[in-house]
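Below is one structure; the comments refer to it alone.
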Amino acid sequence: MENRTWSHMFSFSLYHFLFCRVPHSTGVTRVLRNKRPSSKIVTIGSFSVIRERFEPYESSVFEASGYKWRLILYVTGNKNDGGNNHVSLYVRIEETESLPTGWEVDVDLKLFVYNARQRQYLTVTDDTVKRYNQGNREWGYAELIPLSTFHNPSQGYIVQDTCSFGAEIFIVKPVEQQERVTFVSNPPNNVFTWRLLRFSTLQNKFYNSPSFLVGDRYWRLETNPRGVGPGTPHLPFNLEALGFRPNAVATTTWGAVNLRLRDQLGSNHRLGYSTNQNAEFMKDGPRSEKLGLHQSKPKQQNDKTTVVSLTVDKNRGVQDKSRERDNTIKAFNVELSNAFSALDSTQMAQ
Numbered sequence: 001m002e003n004r005t006w007s008h009m010f011s012f013s014l015y016h017f018l019f020c021r022v023p024h025s026t027g028v029t030r031v032l033r034n035k036r037p038s039s040k041i042v043t044i045g046s047f048s049v050i051r052e053r054f055e056p057y058e059s060s061v062f063e064a065s066g067y068k069w070r071l072i073l074y075v076t077g078n079k080n081d082g083g084n085n086h087v088s089l090y091v092r093i094e095e096t097e098s099l100p101t102g103w104e105v106d107v108d109l110k111l112f113v114y115n116a117r118q119r120q121y122l123t124v125t126d127d128t129v130k131r132y133n134q135g136n137r138e139w140g141y142a143e144l145i146p147l148s149t150f151h152n153p154s155q156g157y158i159v160q161d162t163c164s165f166g167a168e169i170f171i172v173k174p175v176e177q178q179e180r181v182t183f184v185s186n187p188p189n190n191v192f193t194w195r196l197l198r199f200s201t202l203q204n205k206f207y208n209s210p211s212f213l214v215g216d217r218y219w220r221l222e223t224n225p226r227g228v229g230p231g232t233p234h235l236p237f238n239l240e241a242l243g244f245r246p247n248a249v250a251t252t253t254w255g256a257v258n259l260r261l262r263d264q265l266g267s268n269h270r271l272g273y274s275t276n277q278n279a280e281f282m283k284d285g286p287r288s289e290k291l292g293l294h295q296s297k298p299k300q301q302n303d304k305t306t307v308v309s310l311t312v313d314k315n316r317g318v319q320d321k322s323r324e325r326d327n328t329i330k331a332f333n334v335e336l337s338n339a340f341s342a343l344d345s346t347q348m349a350q
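Numbering of the sequence shown is given in full-length UniProt numbering, commencing with residue 1 and proceeding in unit increments.
Take a look at the structure:
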């Protein structure tokens, strides 16, 4: 009866392959845990009947994470794999003939021995991914547990001539999304100039510059020549993030923005946003930065032309982020500089 119970749990194989296995002395950890193994548990009754067997015993085939597997147990140790004086346990992938040519399966593998005395599972792992393929169909641990510990009645691994082993198999899938961060000091096309003709004749509404491309994203400037706000109005000056160039990956763009209004006749320049601060431009909507001028009265050179110039700050790094393979998303620090003239607050209020 005892032998029939054992044969029901295991099928003996006269042929056992030599496969790549985890070195028994490299980074293996052994800890006790309460949670049962989720993939497979094999309980052996009347263990004394087979405790001196040198041949490996194979469990029935089981399914885990979409593949078929089998536990391979050496109750006296796998001498060919450095398992002298230890119990050796492995997991072999089965039915690989149905897998495509060149198949590979990456596995996070944990093996277990039940401690009935403490009602916990000794968990053996080395926290490395095991790659199963046609050349390496079997992975495990030659030194799962010392025989002296395993057979010691006071340790609790064999109780009433019964012991249990287990396995957890989790498939490690290829990365679906990657993010890479680099820094670009000076991206191309980093200067944009917006010329507003006959500034004093423009209406009380927002005007947009033509869109321009810096990095992988399009941008535009926006202003209302008449100003906004109650009382003494200020000149709104906005930088808006738009869409992305074809084949670019759409994502949030980070950068430091300088918006500068420069007096063409003197040096009463206005700096609206510093490169020491960071701005975030979301991928699905515009982001505006406002430049207020109500505290100063820049001199107007004439009413024919107002020049807005946008340049990339060359003294700061440019953040470059990418998602999905090696596609690049460029984020940049922008500075508004060069010639710019504006009406004073009383003229803007007209």
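Every residue, glycine too, gets a C-beta built ideally from N, C-alpha and C.
Asked: Tell me whether Asp81 sits in a helix, a strand or coil according to DSSP, three-state version.; Found: helix
Asked: For the beta strand (DSSP E) that contains Phe237, what are its first and last residues?; Found: Phe237 to Phe244
Asked: What number of angstroms, rounded off, separates the C-alpha of Ala248 from the C-alpha of Gly27?; Found: 42 Å
Asked: Taking 7 Å as the cut-off, decide whether the C-beta atoms of Ile41 and Gly140 are in contact.; Found: no
Asked: For Arg30, which of Tyr121, Gly45, Phe244 and Arg92 has the nearest alpha-carbon?; Found: Tyr121
Asked: Less than 7 Å between the beta carbons of Leu111 and Val124, yes or no?; Found: yes
Asked: Taking three-plus beta-carbon pairs below 8 Å as touching, is the segment 71 to 84 in contact with the segment 33 to 52?; Found: yes
Asked: Taking just the CA atoms, how far does Gly243 sit from Val308?; Found: No answer about Val308 holds up, because its pLDDT of 41 lies below 50 and its placement is not dependable.
Asked: Please list the segments of the alpha helix (DSSP H) lying wholly inside the segment 91 to 166, counting only runs of 4 or more residues, in order along the chain.; Found: 147 to 150
Asked: Which of helix, strand or coil does DSSP assign to Ser88?; Found: strand
Asked: Alpha carbon to alpha carbon, how far is Val175 from Tyr114? Give it in angstroms, no decimals.; Found: 34 Å
Asked: Under a Cβ-count criterion, where at least 16 other Cβ atoms within 10 Å of its own Cβ denotes burial, should Tyr57 be classed as buried or exposed?; Found: buried
Asked: On the criterion of 16 or more Cβ atoms from any shown chain inside 10 Å, does Asp216 qualify as buried, or is it exposed?; Found: buried
Asked: Go through its chain and collect everything with a Cβ distance to Asp108's Cβ below 7 Å, but skip five positions before and after it.; Found: Val129, Phe170 and Val172
Asked: Look up Val28 in the DSSP assignment and say whether it is helix, strand or coil.; Found: coil
Asked: Would DSSP call Thr252 helix, strand or coil?; Found: coil
Asked: Are the Cβ atoms of Glu138 and Tyr90 separated by less than 7 Å?; Found: yes
Asked: With distances taken between CB atoms, is the gap from residue 351 to Arg220 smaller than 7 Å?; Found: Absent from the structure is residue 351, since the part of the chain shown begins at 1 and ends at 350.
Asked: Going straight from the alpha carbon of Gly82 to that of Arg70, what length do you get?; Found: 21 Å
Asked: Give me the DSSP bridge partner(s) of Lys68.; Found: Glu63 and Glu94
Asked: Please classify Arg92 as buried or exposed, where buried requires at least 16 other C-beta atoms within 10 Å of its C-beta.; Found: buried
Asked: What does the alpha-carbon distance come out to for the pair Tyr157 and His151?; Found: 7 Å
Asked: Is Glu143 buried or exposed, if buried means 16 or more other CB atoms sit within 10 Å of its CB?; Found: buried
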